[in-house]
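Visitor:
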Amino acid sequence: MAVPAIELTGLAKHYGSFHALDGIDLSVPEGSVFGFLGPNGAGKTTTLRILTGLAQATSGSAKVFGTDVASAGNEVRARIGFLPDVPGFYDWMTAEEFMRFTGSLFGITGTTLDERVKALLELAGLSDVKARIGGYSRGMKQRLGVAQALINAPSLLMLDEPTSALDPIGRKEVLDMIASLAGRTTVFFSTHILSDVERVCDTVAILDRGRVVAQAPIDDLKSRYGAQKIVLEVTSAADALAKRFSAESWTSAVERENHSVILTVNDIDAARLAIPAAVVAEGAGLVRMEGGEVSLEEVFVELVGGER
Ligand code: ATP
Numbered sequence: 007m008a009v010p011a012i013e014l015t016g017l018a019k020h021y022g023s024f025h026a027l028d029g030i031d032l033s034v035p036e037g038s039v040f041g042f043l044g045p046n047g048a049g050k051t052t053t054l055r056i057l058t059g060l061a062q063a064t065s066g067s068a069k070v071f072g073t074d075v076a077s078a079g080n081e082v083r084a085r086i087g088f089l090p091d092v093p094g095f096y097d098w099m100t101a102e103e104f105m106r107f108t109g110s111l112f113g114i115t116g117t118t119l120d121e122r123v124k125a126l127l128e129l130a131g132l133s134d135v136k137a138r139i140g141g142y143s144r145g146m147k148q149r150l151g152v153a154q155a156l157i158n159a160p161s162l163l164m165l166d167e168p169t170s171a172l173d174p175i176g177r178k179e180v181l182d183m184i185a186s187l188a189g190r191t192t193v194f195f196s197t198h199i200l201s202d203v204e205r206v207c208d209t210v211a212i213l214d215r216g217r218v219v220a221q222a223p224i225d226d227l228k229s230r231y232g233a234q235k236i237v238l239e240v241t242s243a244a245d246a247l248a249k250r251f252s253a254e255s256w257t258s259a260v261e262r263e264n265h266s267v268i269l270t271v272n273d274i275d276a277a278r279l280a281i282p283a284a285v286v287a288e289g290a291g292l293v294r295m296e297g298g299e300v301s302l303e304e305v306f307v308e309l310v311g312g313e314r
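This note's numbering numbers the first residue of the sequence shown as 7 and each following residue consecutively.
1) Do residue 123 and residue 105 have their C-beta atoms closer together than 8 Å?
2) Specify, as a first and last residue, the run of the beta strand (DSSP E) that residue 214 falls within.
3) Per DSSP, residue 295 is paired with what?
4) If you measure from each residue's Cβ to the nearest non-hydrogen atom of the ligand ATP, which ones come out under 6 Å, in chain order?
5) On a CA-only basis, which of 212, 196, 110 and 268 is nearest residue 235? Give me that one, please.
6) Helix, strand or coil: which one does DSSP assign to residue 60?
7) With a CB to CB cut of under 7 Å and the five nearest residues on each side skipped, what residues in its chain are close to residue 37?
8) Just list the residues that DSSP pairs residue 74 with in beta bridges.
9) Roughly how many angstroms separate the alpha carbons of residue 294 and residue 274, rounded to a whole number?
10) For the 8 Å Cβ check, are there 3 or more pairs between the segment 147-164 and the segment 78-87?
11) For residue 29, name the three-state secondary structure that DSSP assigns.
12) Following the continuous beta strand (DSSP E) through residue 258, name the residue where it begins and the one where it ends.
13) Under three-state DSSP, which class holds residue 17?
14) What span of residues does the beta strand (DSSP E) with residue 40 cover, start to end?
15) Out of 276, 218 and 133, which has the shortest C-alpha to C-alpha gap to residue 255?
16) Identify every residue that forms a DSSP beta bridge with residue 268.
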């Protein structure tokens with residue numbers, strides 16, 4: 007088995023009696039674009055700070071390519087690129103100057119530095135921009151931020167909410183940049199924007215109040231929860247059926263739409279038995295009965311949307 011790019015085992019971070027992270031287990035396969043999803047305060051930044059050596063865990067372990075980050079030397083750190091949630095730039099520099107400066111901090115020089123700076127400015131769509139960073143839009147700054155995090159050609163790129171402050175166009179450009187890294191660099195990025203995750207990630211973990219509540223390839227997650235949704239189309243009596251189903255203990259939500267009833271069910275076996283019988287009892291014809299498409303947003307709300 008290949009060593010995971012990131013492996014968290016029982017990772018906990020306590021601030022006094024408050025458990026910001028409450029024993030997280032997580033495995034990020036090498037080569038994946040992994041979405042670390044969670045509402046505000048879930049513990050995403052705390053996890054990234056521990057992974058990058060900026061904070062210490064209370065207990066548990068955080069490994070990058072098999073090495074514990076708490077005891078990792080420069081060899082491991084050199085394989086990581088990081089863009090924090092509020093990145094700092096030197097406004098008076100141009101993008102090229104900033105990239106060269108960042109490269110020099112890693113000891114990168116000569117033609118290697120020239121080539122990397124050129125390729126990364128192209129990737130960020132900033133090759134022809136000669137203005138100083140102070141005059142950049144947020145989107146341009148964020149693309150530059152991703153580029154500088156790649157200057158050391160990292161095997162693992164970690165990004166903390168890289169799209170949160172951006173408009174739709176800025177978000178798309180940063181996401182396109184991230185997507186273009188798939189298969190070359192493992193990308194681990196935190197966000198609370200579900201559509202971003204659906205757009206570029208292959209695997210996702212959902213964090214809530216310091217705990218991982220789900221971790222799976224996006225398609226698996228959707229089909230696991232999609233099975234709990236049933237779309238029923240009938241020739242007549244949709245209202246009566248909706249009323250009947252609302253009173254059943256195996257339904258958690260019932261919606262009406264034209265000749266259809268859309269049910270969210272908590273006991274799929276009971277639903278499959280009861281629904282056809284109810285259609286017959288109402289004297290209606292059954293046009294179709296199938297598992298409905300579920301969005302990542304519905305899965306997210308289902309998992310973290312309870313009483314807060
Ligand atoms: P957001 O999306 O809002 O950035 P997050 O998922 O990144 O949220 P964290 O910043 O990791 O969440 O914070 C997790 C919890 O830990 C929050 O409730 C936060 O208030 C708390 N926390 C973070 N840092 C500290 C600290 N230094 N002292 C006390 N509590 C803290």
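Where is the CB? At the ideal position from N, CA and C, for every residue including glycine. Fair warning: this is a prediction, and the values are worked out from it, not measured in the lab.
Guide: If we stick to the structure as given:
1) yes
2) 209-214
3) 238
4) 21, 24, 26, 44, 46, 47, 48, 49, 50, 51, 52 and 198
5) 268
6) coil
7) 189 and 192
8) 69
9) Taking the straight line from one Cα to the other gives about 16 Å.
10) yes
11) strand
12) 257-263
13) strand
14) 39-43
15) 276
16) 237 and 261
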